[in-house]
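Heads up, the thing below is written out as structure tokens.
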Amino acid sequence: MTDRTLYFVCGGVFTDTGFTTLEQGTEEILGPFETEAEAEAVWGRRMRAPENFDRAGHRLMVVPLRLPYRVAEIAASP
């Protein structure tokens, strides 16, 4: 058995140029995705969406979450 990695797209509109504080109500968490490629495709669509395209403070990132074997096994069971 092996570990499992899931991918999420996370971010929102940040209130500062250091990108440390999210503007309340703009938080985005999308996923989980089985592959990094799936998450990156969603990331690209969200970043190019008309409502986000010209927002300088809007940032999203693909975040991997590695599940150790035992957790992955439990999560996959019906």
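Numbering of the sequence shown is given in the working numbering, commencing with residue 164 and proceeding in unit increments.
We treat Cβ as the ideally placed atom computed from N, Cα and C, and that holds for glycine.
Since this is a predicted model, take the numbers as computed values, not measurements.
Following the continuous beta strand (DSSP E) through residue i, name the residue where it begins and the one where it ends.
| i | result |
| --- | --- |
| residue 181 | Segment: none, residue 181 is in no beta strand (DSSP E) and carries neither H nor E. |
| residue 222 | 221-230 |
| residue 194 | 191-196 |
In three-state DSSP terms, what is residue i?
| i | result |
| --- | --- |
| residue 188 | coil |
In the DSSP assignment, find the alpha helix (DSSP H) that holds residue i and state where it starts and stops.
| i | result |
| --- | --- |
| residue 208 | 199-211 |
Cα-Cα, which of the options is closest to residue i?
| i | options | result |
| --- | --- | --- |
| residue 225 | 168, 167, 165, 172 | 172 |
| residue 178 | 215, 213, 168, 219 | 219 |
| residue 194 | 175, 209, 170, 174 | 170 |
Identify the residues that DSSP records as bridge partners of residue i: which are they?
| i | result |
| --- | --- |
| residue 167 | 230 |
Would the stretch 199-214 and the stretch 178-185 be scored as touching if the rule is three or more Cβ pairs under 8 Å?
no
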